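Here is the structure we will look at.
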Amino acid sequence: MKRDALGSAGVAALLATLIAGPALAQTAAPAAATPDTATVSEIVVTGTRIQTTGFTAPTPTSVIGEAQIQNNAQPNVFATIVQLPSLQGSSGSATNTFSTSSGQQGLSSFSLRGLGTIRTLTLLDGQRVVGAYYTGVTDVSLFPQLLIQRVDVVNGGASASYGSDAVGGVVNFITDTRFEGLKGNVQAGVSTYGDNEQGLVQLAGGRSFANDRVHLVGSVEWAKENGVGPGDFGLDLAGDRDWFTQTTMINRNVTNDGSPQYLMRDNVQNYAYTKYGLITAGPLQGIAFDQSGQPFQFQYGSGGVPSKAANGAVIGCFPGACIGGDLSGNVDSGRTLQSAIERKVGYGRVGYNFTDNNEAYVSFNLGQVKTHNQPVNGMNKTGLTLQCANPYVPASVQAACATAGITSFQYGVSNAVLPNTVVHTDRRQYRVVAGLKGKFDLFSKDWSYDAYYEHGVNKTAVDVDHILLTPRFNQAIQAITLNGAIVCADPVARASGCQPLNIFGGKPPSAATLEYVQPAEGPFQRLRMTQDVASLNFSGAPIDLWAGPLSVAFGAEYRREFYTVRADPYGAGVADRSPYGGAYPADPLLNTLGNNWHAGNYKNGNGVYNVKETFLEIDLPLFNNDTVGRANFNAAARVTDYSTSGTIWTWKAGGTWDTPIDGLRVRGVTSRDVRAPNLSELFAAPVTTTLPNFFDPVNNRNVVAIQNAVGNPNLTPEIARNSQIGVVLANPSWLPGFSASFDYYKIKVDDVVSSLGAAQIVDYCYRNILPQTCGTYNLNNTNGPNYINVQSFNLASIKTSGFDIEASYRWRQPLGLSGNFTLRALATHIRDFWTDTGLPGTVPVDSAGVNQGNTPNWKWLAIQSYETDRFTLTLQERWFTDGNYGNQYVVCAPGTCPVSTPNAPTIDKNFMPGAFYMDVGGTYNIRKDVTAYFKVDNLFDRDPAKSPNYANPALYDIVGRMYRAGVRFRF
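All residue numbers for the sequence shown refer to my numbering, where the first residue is 53 and numbers rise by one.
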């Protein structure tokens, strides 16, 4: 099942054929280029389809230029863009590392306004890109990064201009399609702990032929980040990092005794299992086993004493957990901190100007991203029932069983005796675009047009190594002695090849046993996605009015999205797409419906939908004179027909006013935006996620359960209302080089596609709020793994508001020195972020300031740089404010607490600190066309805050200080 490496010889050959001043962030979308300097391929204005000279869009847009991308010196441009404060909740190589089954490990996707990656549209040169997973999100790691001129981040709804998904905004990568010459970049990096070694090699070239009518551009790049791997069992992290303390939010399950229901504690010990095994209930409770398999008395934390009861309670401890004691069996430190990622990208473009200002072009992009991660140490199993007569049970324990008059006992083990699970993900993208763009004259007026067809294919392969086949494991641990040999107890299991497994201690199992319980060919998923887009757009200024020309843009688009996925029969179930055979033979122990793996139970599925839409946008000049200034009204409407849910309208209305005050502009816009359900939400076969410590309120215990998320073809589009108003001061004559902006935003999203969480499903059944949820789960499943089925509905709504601040100042020749000094700062303040699940018995929850999530109250980015012809020095600060674990919690001390409720639970501590990170970098021009550079991120090696969810990589740096250095050249 291993995949061949992606070839890029064609792009390399193209490069071989070709080789014979800094951009600042702006506070408004860039105006279209003027006719005397523009070429047909340079007119790109993000946030609008109007391309008329001098037009300024009312939607706030931040711009990251090529110089800033270079100064930040990241191996992936994603890491630079995601630092913008308005981007909250993006996914990268440090997120999704704790998952076996999500399929999104290493996926680099943006999220604006904290609305999620599925509500942010990412474009390449203003064009859609095929999704890298069937949620529809793109993977920026597959983009050609060396040719990026700038990145426009539209902070606001743009569905009327670009269609579905642009609810939070748009991130548009603009490439240099007219590049001439040869340039390259070689970079290396390593963390202060000696891991996450990084390498980057990039090369790009461009050349014109035939009197500048034919232009070829191409690039190749290779990047590898080794990531930060797992630590050992207990509290040890990789590379001697020491910040992990097994912080846990303990649920006392007592709500009305005047004390907090929830307690935040460090060094929490789960007494349901240990590294090499623990008897967890009954007369022998508290007997543990060391690596050699010898029994000893387990050291419970909190001074706990085993109750010897059938429910396994420990006197002096909390339900399921003690504080301190023997922590050697804790498994969470075995999670990968940052996925290893290797990416290879090839890009080429051929353009032909068949007349002046009219171009036909073809571009192609080939990309591959490979990642791997370890979700956790071991595969903990709790609540096992083992026989005292099991030959692997030490004689002293068998004797104790006889004395106690028992024949079996409950048992829990981390399964440290088995190899740890590793998830390998391989994504490949093949994308071709053919188009025409240019200008023409109609009735003595200039018009521009842009027509293209895009075909994209993404293939994703997920392979899981070293994972348990649960039914086989359950039989392998039940051993007996037969004819002098240790064998599996069940005769059906023996007949199908069962090999006994000793889970008392750490003696390595035989190769035959490993192959039986952890087959070499584990779970797999093979996903293929295709996207076809046909687009035709026109823009012009047909009428001259009292204050200037009336500008219009109109066009039509067609899009088709398709996916198909298949998986192995043990996880997906036996079907035409996943039959028994080969590495997956029939086994009477296995459930033919699937879900046999401990985790990674991928499913089969397919789906398709198409979209037909047309749009009209106008820019109406209102007035233009010295007395009142210049103002315009900008409006757009788009009608869209989805094959799955019918017709829907989107629109926007706004404008800008350049006031008579020097450099002062007022802008505002309101829009109706949509996000159509994606392929995953509509048609996805179950996506499974293993929940290793899921709480079962009926039995008051933690269990391992599988969450199955399934599709719903009856979903309808989400409807958003997005309003913004702001003021811009741009380069006034009284302060040259200074720009600043302030923009207030308010977003309301209705009919949000959401699902009941696994915990909600169980809770609503347990409390008899939604009895219909009781049939969707089984947490005491004797015929297979415990499971919870989760489905999406148009239930919820989101409401958020806040404001953005952006300012920059360039001081030329400061204090008479040569060079320039540049200051820049960006900030986003989230006033509120309300989520209403739409479920009975619930109230809206405000997650603004919840640092366990991704929406801190304030997030800042500040940059100071000094540059001369010879060198540059850059300082960068990243900061977000203190927060909490959840705004719903009521903080109180013992004896003072009100009754704890699901909507207002009580807790003893609810504080999660913010973080301040400083980065430093610099460059030195060895010669005019060769530059050496360095960069240090997280200069003070700031540790992440304690979190009951291990750590929160969405906000905190969990890698630590990083060093990078490299050389760039351009000829």
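Glycine is no exception: its CB is placed at the ideal position from the N, C-alpha and C atoms. Model, not experiment: these values are computed from the prediction.
Using a C-beta cutoff of 8 angstroms, does residue i count as contacting chain D?
{"i": "Ala638", "result": "This model lacks chain D altogether, as it is built from one protein chain only."}
Could you check which residue in the options has the C-alpha nearest to that of residue i?
{"i": "Gln126", "options": "Val238, Thr172, Tyr185", "result": "Val238"}
{"i": "Gly657", "options": "Ala736, Asn305, Lys327", "result": "Ala736"}
{"i": "Asn425", "options": "Gly457, Val474, Asn405", "result": "Val474"}
{"i": "Ser143", "options": "Phe1021, Val1019, Gln462, Ala1006", "result": "Ala1006"}
{"i": "Leu831", "options": "Asp856, Gln824, Phe790, Ala757", "result": "Ala757"}
{"i": "Ala262", "options": "Asn207, Asn128, Thr407", "result": "Thr407"}
{"i": "Val272", "options": "Arg259, Leu255, Phe285, Val266", "result": "Leu255"}
{"i": "Cys1029", "options": "Gln321, Gly487, Cys817", "result": "This structure cannot speak to residue 1029, because the chain is shown only from 53 to 1023."}
{"i": "Ala687", "options": "Ser723, Glu609, Thr174, Leu436", "result": "Ser723"}
{"i": "Tyr314", "options": "Met301, Tyr323, Ala324", "result": "Met301"}
{"i": "Pro892", "options": "Ala859, Asn955, Glu858", "result": "Asn955"}
{"i": "Asn764", "options": "Pro335, Tyr796, Gln843, Asp191", "result": "Gln843"}
{"i": "Asn754", "options": "Leu734, Ala811, Arg524", "result": "Ala811"}
Excluding sequence positions up to five away, which residues of its chain have a Cβ less than 6 angstroms from the Cβ of residue i?
{"i": "Val402", "result": "Leu268, Val414"}
{"i": "Asn124", "result": "Thr132"}
{"i": "Ser145", "result": "Gly158, Gln390, Ser391, Ile393"}
{"i": "Phe675", "result": "Ala599, Ala683"}
{"i": "Ile850", "result": "Val801, Val804, Thr887"}
{"i": "Asp989", "result": "Asp971, Met1014"}
{"i": "Ala728", "result": "Ser216, Tyr694, Pro769"}
{"i": "Ile857", "result": "Phe794, Ala879"}
{"i": "Met431", "result": "Asn467, Leu520, His650"}
{"i": "Ala859", "result": "Ala792, Ala877"}
{"i": "Asn939", "result": "Asp898"}
{"i": "Val469", "result": "Gly558"}
Going by DSSP, which residues form a beta bridge with residue i?
{"i": "Cys540", "result": "Ala531"}
{"i": "Phe370", "result": "Ala373"}
{"i": "Ala172", "result": "One point to set straight first is that residue 172 is Thr, not Ala, in the sequence displayed. Per DSSP, Gly221."}
{"i": "Ser311", "result": "The partner list for Ser311 (beta bridge, DSSP) is empty, contrary to what the question assumes."}
{"i": "Asp1016", "result": "The sequence given here places Arg at residue 1016; Asp does not occur at that position. Arg1016 pairs with Gly241, Lys987."}
{"i": "Ser143", "result": "Ser161"}
{"i": "Asn977", "result": "Thr983"}
{"i": "Tyr797", "result": "Gln776, Gly854"}
{"i": "Leu234", "result": "Gly257"}
{"i": "Gln179", "result": "Leu176"}
{"i": "His267", "result": "Ser260, Gly403"}
{"i": "Gly281", "result": "In DSSP, Gly281 forms no bridge with anything."}
{"i": "Lys961", "result": "None, per the DSSP bridge assignment."}
For residue i, collect the residues of the same chain with a Cβ closer than 8 angstroms to its Cβ; drop the 5 residues on either side in sequence, then sort them by chain order.
{"i": "Ala340", "result": "Thr326, Tyr328, Gly329, Leu330, Ile331, Pro347, Phe348, Gln349, Phe350, Asp378"}
{"i": "Asn833", "result": "Tyr839"}
{"i": "Gly356", "result": "Tyr323, Val366, Ile367, Gly368, Cys369, Cys374, Gly377"}
{"i": "Asp993", "result": "Thr244, Gly1012, Arg1013"}
{"i": "Ala212", "result": "Phe667, Glu669, Ala688, Ala689, Arg690, Thr702, Trp703, Lys704, Ser723, Arg724, Asp725"}
Which residues in the same chain have their Cβ closer than 7 angstroms to the Cβ of residue i, if we skip the five residues on either side of it in sequence?
{"i": "Pro965", "result": "Asp934, Ala997"}
{"i": "Gly974", "result": "Phe923, Thr924, Leu925, Thr926, Tyr985, Phe986"}
{"i": "Thr229", "result": "Ser93, Val269, Arg401, Gly403"}
{"i": "Ile102", "result": "Ser591, Ser603, Ala605, Glu669, Asp671"}
With a threshold of 16 other CB atoms inside 10 Å of the CB of residue i, please say whether the residue is buried or exposed.
{"i": "Lys980", "result": "exposed"}
{"i": "Gly1012", "result": "buried"}
{"i": "Arg1020", "result": "buried"}
{"i": "Trp709", "result": "buried"}
{"i": "Glu232", "result": "exposed"}
{"i": "Lys497", "result": "exposed"}
{"i": "Ser793", "result": "buried"}
{"i": "Val306", "result": "exposed"}
{"i": "Asp714", "result": "exposed"}
{"i": "Gly634", "result": "exposed"}
{"i": "Phe885", "result": "buried"}
Mind pulling the alpha helix (DSSP H) runs of 4 or more residues that sit fully within the segment 443-513? Counting only unbroken stretches of 4 or more residues, the alpha helix (DSSP H) elements lying wholly within the segment 443-513 are 447-456, in sequence order.
Write down every uninterrupted run of the beta strand (DSSP E) in the segment 803-881 whose length is 3 residues or greater and which is fully enclosed by it, in chain order. Counting only unbroken stretches of 3 or more residues, the beta strand (DSSP E) elements lying wholly within the segment 803-881 are 838-864, in sequence order.
At which residue ranges does the segment 318-366 contain complete beta strand (DSSP E) runs of 3 or more residues, listed in the order of the chain? With a minimum length of 3 residues, the unbroken runs of beta strand (DSSP E) contained wholly in the segment 318-366 fall at 320-322, 339-341, 347-349.
Runs of 4 residues minimum, wholly inside the segment 563-639: which ones carry the alpha helix (DSSP H) assignment? Segments of the alpha helix (DSSP H) lying fully in the segment 563-639: 563-569, 621-624.
Please list the segments of the alpha helix (DSSP H) lying wholly inside the segment 369-447, counting only runs of 4 or more residues, in order along the chain. Here no run is fully enclosed.
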